[in-house]
Amino acid sequence: MSYAMSATHKRFVAILWTMFWLPTILQVPLAAQTARGADIAVVVHPDTPVDDLSLAEVRRVLLGDRQYWNSKLPVVLLIRAPVARERDVVLRVIYQMTETQFKQFWIAKIFRAEAASQPKIVYSNDMQYELVSAIPGAIAFVDAHNVRPGLKVLRIDGHFPGDHDYPLR
Numbered sequence: 004m005s006y007a008m009s010a011t012h013k014r015f016v017a018i019l020w021t022m023f024w025l026p027t028i029l030q031v032p033l034a035a036q037t038a039r040g041a042d043i044a045v046v047v048h049p050d051t052p053v054d055d056l057s058l059a060e061v062r063r064v065l066l067g068d069r070q071y072w073n074s075k076l077p078v079v080l081l082i083r084a085p086v087a088r089e090r091d092v093v094l095r096v097i098y099q100m101t102e103t104q105f106k107q108f109w110i111a112k113i114f115r116a117e118a119a120s121q122p123k124i125v126y127s128n129d130m131q132y133e134l135v136s137a138i139p140g141a142i143a144f145v146d147a148h149n150v151r152p153g154l155k156v157l158r159i160d161g162h163f164p165g166d167h168d169y170p171l172r
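Note that the sequence shown covers residues 4 to 172 in our numbering.
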């Protein structure tokens, strides 16, 4: 009898879990997609000596192949935390990796001493804005609707966010 109650209890718990937690879990990607289609702007510290990059150059920067803007100014990579739409676009369009591949890539790069650390994780637009504004050489990716004064928006392949041929959407 206790076995039957245990099986019933397990079914009950599974049903409750499905009813209450599954909708919450499924809504996380939907929340990340609320601004679907909005361009993702590449922003840098205002003193960064670059105004236009090709998508291939952006990829080299993000892969850690280009670690300096010039001889004295290191690149500081900032990337949103998982589930942020900006991160999804960067992983899909620029890195061309899944979340798991991204993590494995940076672990291997650090292990081979090709990089000192992985990109810095930022958890909000406010945090991203503060860090890019404060750190010379910082680069980040922001929803184009959330770009604030004081950040330099880079052209990608000659296009600003909002242009028809802008590649980061």
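All C-beta atoms, glycine included, are put in the ideal place defined by N, C-alpha and C.
Residue closest to Gly161, alpha-carbon to alpha-carbon, out of Asp50, Leu56 and Glu117: Checked all of Asp50, Leu56 and Glu117; the closest Cα to Gly161 is Leu56.
Segment contact, 8 Å Cβ cut-off, at least three pairs: the region 152-166 with the region 80-88: Too few Cβ pairs lie closer than 8 Å, so no.
According to DSSP, what are the bridge partners of Tyr71? Pro77.
Give the secondary structure of Ala116 by DSSP, where H, G and I count as helix, E and B as strand, and everything else as coil. In the structure shown, Ala116 adopts coil according to DSSP, grouped into three states.
Roughly how many angstroms lie between the CA atoms of Gly140 and Val78, to the nearest whole one? Spanning the alpha carbons of Gly140 and Val78 requires a straight line of approximately 5 Å.
Just mark Thr37 as buried or exposed, buried being the case when its beta carbon has 16 or more other beta carbons within 10 Å. Its pLDDT being 38, under 50, Thr37 is placed unreliably in this model, and the value from its coordinates should be taken loosely. Burial state of Thr37 is exposed, judged by a 10 Å Cβ sphere holding fewer than 16 other Cβ atoms.
Within the chosen definition, does the region 60-78 reach the region 127-137 through at least 3 CB pairs nearer than 8 Å? Taking 8 Å as the limit for Cβ pairs, the verdict is that the region 127-137 does not touch the region 60-78.
In the DSSP assignment, find the unbroken alpha helix (DSSP H) run with Ala59 in it and report its ends. It spans Leu58 to Leu65 - the alpha helix (DSSP H) in which Ala59 sits, taken as one unbroken run.
Of the choices Phe114, Tyr98 and Asp91, whose alpha-carbon is the least far from that of Asp146? Cα-wise, what sits closest to Asp146 is Asp91.
Whether Pro49 touches Lys123 by CB criterion (7 Å): In this structure, Lys123 does not lie closer than 7 Å to Pro49 by Cβ.
State the beta-bridge partners of Asp146 as determined by DSSP. In the DSSP output, where bridge partners are listed per residue, Asp146 has Ile43.
Please confirm whether Val96 has its beta-carbon closer than 7 Å to some beta-carbon of chain B. Of the protein chains in the structure, only one exists, and it is not chain B.
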